[in-house]
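Trainee:
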Amino acid sequence: MRIEKKYDFSSLVCCGLDASSMNIDFLRQLGKEIPIKRTAQYYGMTENAAILTSSMWSGDENEIRRLTSIGRCMSRLEIKVLDGEGNPVPNGQQGEIWARGFPIIIGYYGDSQKTNEAITLSGWLRRGDEGRMDKDG
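In case it helps, the UniProt record's numbering puts the sequence shown at residues 1 to 137.
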């Protein structure tokens with residue numbers, strides 16, 4: 001794949017990508033061909049004002065980690081990964097991602113049933129997304 005250069009990207013400092021995990025080779029290609037000084041992946045949803053995690057600040061010492069991870073939890077948020085029974089899973093094990101914090105919605109307007117399905121009494125948002133957490137969060 002070749003990136004078409006129709007525009008002048010010389011002032012572009014960083015690029016954040018989300019909606020789906022990006023292939024590490026594609027991210028490296030962006031950095032090389034455009035060039036972008038820093039590429040990162042984001043994870044989030046409308047219910048939390050867009051970003052839950054970002055690899056933008058995951059550190060430069062390990063390029064592979066920064067380019068293949070969705071990063072660390074943003075400030076004023078908590079994230080945990082749980083099994084189907086609502087118990088925390090060990091680091092590295094896949095489970096459902098739950099999030100809680102300042103930017104999380106308090107409910108769906110006019111839809112208490114959907115609110116009760118998605119948000120626990122203690123404010124944890126659960127949307128069914130699956131993921132893993134490593135020892136660094």
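By construction, the Cβ of each residue, glycine as well, lies at the ideal position given by its N, Cα and C atoms.
Since Arg-66 contacts Ser-54 with CB under 8 Å, what's their CB separation in whole angstroms?
Mentor: Residue mapping note: residue 66 aligns to position 66 of the sequence shown, counting from 1. Residue mapping note: residue 54 aligns to position 54 of the sequence shown, counting from 1. Not quite, the Cβ-Cβ distance comes to about 10 Å (not below 8 Å), so this is no contact.
Trainee: Is there contact between the segment 79-95 and the segment 122-133, where contact requires at least three CB pairs shorter than 8 Å?
Mentor: Between the segment 79-95 and the segment 122-133, the count of C-beta pairs closer than 8 Å reaches three or more; the two stretches touch.
Trainee: Just reading off the alpha helix (DSSP H) that Asp-136 is part of, what are its end residues?
Mentor: The residue given as residue 136 occupies position 136 in the sequence shown. That residue, Asp-136, is in no alpha helix (DSSP H); it is neither H nor E in DSSP.
Trainee: Got a sec, what are the start and stop residues for the beta strand (DSSP E) Lys-80 sits in?
Mentor: Here residue 80 refers to the residue found at position 80 of the sequence shown. That run of the beta strand (DSSP E) goes 77-82.
Trainee: Gln-54 bridges to which residues according to DSSP?
Mentor: Position 54 of the sequence shown, counted from the start, is the residue given in the question as residue 54. Residue identity differs from the one stated: residue 54 is Ser in this sequence, not Gln. Ser-54 is bridged to Tyr-42, Arg-72.
Trainee: Buried or exposed: Ala-40, going by 16 or more other Cβ atoms within 10 Å of its Cβ?
Mentor: Numbered from its first residue, the sequence shown carries residue 40 at position 40. Buried, because 16 or more other Cβ atoms sit within 10 Å of the Cβ of Ala-40.
Trainee: For Leu-12, report the span of its alpha helix (DSSP H) as first-last.
Mentor: For the purposes of this step, residue 12 is taken as the residue at position 12 of the sequence shown. Where Leu-12 is concerned, there is no enclosing alpha helix (DSSP H), given that its DSSP letter is neither H nor E.
Trainee: Under a Cβ-count criterion, where at least 16 other Cβ atoms within 10 Å of its own Cβ denotes burial, should Ala-99 be classed as buried or exposed?
Mentor: By one-based count along the sequence shown, residue 99 stands at place 99. The residue is buried, with at least 16 neighbouring Cβ atoms inside 10 Å.
Trainee: Starting from Gly-95, trace the beta strand (DSSP E) in both directions and tell me its first and last residue.
Mentor: Reading the sequence shown from its first residue, position 95 is the one you call residue 95. Note, Gly-95: beta strand (DSSP E), 95-101.
Trainee: Please look up how many angstroms separate the CB atoms of Leu-125 and Asn-48, rounded, as I've assumed it's under 8 Å.
Mentor: Mapped onto the sequence shown, residue 125 falls at position 125. Mapped onto the sequence shown, residue 48 falls at position 48. Right, their Cβ atoms sit about 7 Å apart.
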